[in-house]
Every structure is written in C-alpha cells, then in structure tokens.
Ligand code: ATP
Ligand code: MG
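Numbering (this note's numbering), first residue to last: 2 to 345.
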C-alpha cells in the first residue's frame, strides 16, 4: 500500500542547542520542506525522561521553537508544535509499550549511555523513550524521519514496532478496511557530511547538550568571540590536513572539523580537502571560524528576537498543536478500532 509521504522529527528542549543539532537535524529539517509535508515537534515529553527544572522548561521549549523558525522552518506551510499539547502522543505510546518487546528495548544504546552506572535510578520513561518516539512518528504515519546518526537505532525500532503492529493486528486491520498494513515503515534520513558532530574536546564523543563542558560544543547562542575561542582551542593532531578522505582515518578530530566545514559550506569532505589538503590546522581553523560566524550569527540574532516575544512563539505552538491534533486524533481513532477498544 502506498502511504502519503510525510516527514516527522523532533528536538528535545533540554537546553544548549548546539552545532550538532543544527547540522544533523534542524538545517536538514529546513531543506526537506521543499519536498515534503513536514511536522517538527519540540519533544518536551521526551525531555522529562531526565530531570528538567520546571522554572526553566518553558524557556527551553520556546528556545527550540525559536531555533526552528530562525533556521527557516515555515510554521504556516508546515507544522511546528510542542509534544505535550497533543495528548495522542502519550496515549499512543502506551499501545506501543504493549507491542514492543523488553528484549528490543534492552538493546538500545542511548539508554545504556544515559543511564550509565546508575541504571537502577534511571526513570522508567528513559527506558521506554523509544516507544514514545515510535508513537511520535507513527501517530502521523510519517514515512521519513530526518535525524542524526545517534537516533538511527530508535527509528529502526519504530520500524520494528510498525511491522509487529501490522502483523499482530493484521486481521483487524483488514476487517476495518485499511488493507494489508496500517503503518508505513518510517525511513531514517541520515545524510550529508555531519550526521554525527563530535565533541570539540574529544573526537570520539558526540557533541551533546547534556555534556557538562561548554568548551565541547558550539551553542547556537554563542557569539563570535566564543565561537572563535572554542574552535581555536578545539583538539586536533600535529599533522597537516590530508589531500584525500582516506587520510582522515584514525584522526577523529580532523575528520570532525572537516565534516563541520563541509556541512556548513554545503559541500563534501573530499571537496574541502581539495582546497585545504596540506594546510596546517591554524589556517583551516581561521576559515572555519569565518564560516561558522557567517552561518550562525544571523540565526543567533533571529533566535534572540523571537525569544523576546514569547506570546508570538506560544501562538505558533498553539496553532501547530491544533493542526497536529486533527491528524493524530484520526490515527488514534483508527487504532482504537483496530485494537478493539470501545470508544465514543
Ligand atoms: P541530549 O543530550 O539531551 O539527548 P542532544 O544533543 O542529543 O541532547 P536531541 O534533542 O536528543 O539532542 O536530538 C535532536 C536531534 O539532533 C536528533 O535528530 C539527533 O540525532 C540530532 N543530534 C544530536 N546530537 C547530534 C550530533 N552531535 N551530531 C549530529 N546530530 C545530532
Ligand atoms: Mg539526544
């Protein structure tokens, strides 16, 4: 069966939006608007899987929204909202908790990393995070999910959940006139030279909002001086840049900076190496700083302007939530019939 093509993705309002979120996610969200109907969510239900200060959460939600808009997402043509305003996400996640298997969730690396040694004390929500993410995607029967490399495993789990639901409820799906499959197999879109931006201090660790060291990341709110200082201090190795991509093997910091440059310039790593092969890092870093400043400062300024008008942001979210809910409610109603719930 052919499903209507639709993009869904989200960003958590957990503070400190960074270059990885921009290159791996938000910049790509903006590009996809040309080819798809898109739904972009501020996933606040996901955020509270780890502790969020209630005094700070509203500001963080508005900041992610502002970043979406400042990066060129059109909230009128597409849909922008925060997850907790559409109750179907959580309702649907429950159904998927009953479809997904404990063994599947036990394989999820994000839980292992985030819960780390204190697993007994991690929230149940952190453990079941991927079933909520499957609900986010599938409540809109989305077909494409742009994410960074770190979220690939979760999108694959959403595919497994969709498939198991389609199989387990196959007879009921057919009986209710939905054909052979109710859910599409959502496809992760993980493309370009910066699908996994690494920490500036350690090229083997992902750049992350929750990393305590601010020096490890470029924040979307950093000013020109902060950007320049962080890049100048970014870890590198003593060799000059190679001429070919295979010369980046076992040089994670070099590869990371190259990937950032390529993604910002809208080109590829081999192209960047054609220009900088043989150069010292100091020369390359100076150009990278210029590029970062040229790209990020206008976004930074627009984000600040938007955050200064919370009433406007809240209106964008309310409008998006109302439109998202119409779609979600339709899916939820069909799912209730398929599962066999009696409903109004
Ligand atoms: P947290 O540490 O709270 O999980 P995060 O930085 O991982 O924060 P998320 O809100 O979890 O941010 O992820 C939002 C999107 O950004 C996802 O699509 C994720 O894959 C992408 N993303 C996150 N970090 C990176 C990174 N370092 N490089 C590329 N994409 C990234
Ligand atoms: Mg994350």
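Glycine residues also receive a C-beta, built at the ideal position from the N, C-alpha and C atoms.
Predicted model, so just to flag it, every value in this text is computed and none were measured.
Item, Value
"Pair within 8 Å by beta-carbon distance, residue 300 and residue 201", "no"
"Sequence-distant residues of the same chain with beta carbon closer than 6 Å to residue 259, five excluded per side", "270, 273"
"Beta-carbon proximity check, residue 127 vs residue 46, cutoff 8 Å", "no"
"Spatially closest choice to residue 71 from 297, 322, 339, 344, by CA coordinates", "297"
"Residue 185, buried or exposed, once every other Cβ within 10 Å from all chains shown has been counted against 16", "buried"
"Residues near residue 135 in its chain [Cβ-Cβ closer than 6 Å; skip 5 each side]", "97, 159, 162"
"Exposure of residue 18, with buried meaning 16 or more beta-carbon neighbours within 10 Å", "buried"
"Neighbourhood of residue 1 by C-beta, 6 Å cutoff - its chain only, sequence neighbours within 5 removed", "Nothing in the structure corresponds to residue 1, since the chain is present only between 2 and 345."
"Collapsed DSSP secondary structure at residue 158 in the structure displayed", "helix"
"Alpha helix (DSSP H) runs contained entirely in the stretch 214–257, provided each spans 4 or more residues", "225–234"
"Buried/exposed call for residue 230, threshold 16 Cβ in 10 Å", "exposed"
"Near ligand 1: residue 143 beta-carbon under 7 Å from a heavy atom", "no"
"Backbone CA spacing between residue 280 and residue 74 [nearest angstrom]", "37 Å"
"Beta-carbon gap between residue 9 and residue 198 smaller than 8 Å", "no"
"Heavy atom of ligand 2 within 7 Å of residue 137 beta-carbon", "no"
"Expected contact under 8 Å - CB spacing of residue 265 and residue 242 to nearest Å", "About 16 Å separates the two Cβ atoms, so there is no contact after all."
"Residue 28, buried or exposed, once every other Cβ within 10 Å from all chains shown has been counted against 16", "buried"
"The stretch 59–67 contacting the stretch 87–101, beta-carbon criterion three pairs below 8 Å", "no"
"For residue 119, three-class secondary structure by DSSP", "helix"
"Closest residue to residue 25 among 172, 89, 194, 77 (Cα-Cα distance)", "194"
"Of the listed residues 268, 267, 246, nearest to residue 278 (C-alpha basis)", "246"
"Nearest-angstrom Cβ-Cβ length linking residue 107 and residue 43, presumed shorter than 8 Å", "That belief does not hold up - the Cβ atoms of residue 107 and residue 43 are roughly 29 Å apart, past 8 Å."
"Residue ranges of each beta strand (DSSP E) within the stretch 41–65, 3 or longer", "none"
"Whether residue 76 touches residue 321 by CB criterion (8 Å)", "yes"
"Contact test: residue 223 Cβ vs ligand 2 heavy atom, cutoff 7 Å", "no"
"Nearest candidate by alpha-carbon position, reference residue 67, set 308, 111, 213", "308"
"Residue nearest to residue 154 in terms of C-alpha spacing, selected from 109, 196, 139", "109"
"Selection from 263, 225, 283 that minimises the alpha carbon distance to residue 239", "283"
"Inter-residue Cα distance where the pair is residue 15 and residue 125", "18 Å"
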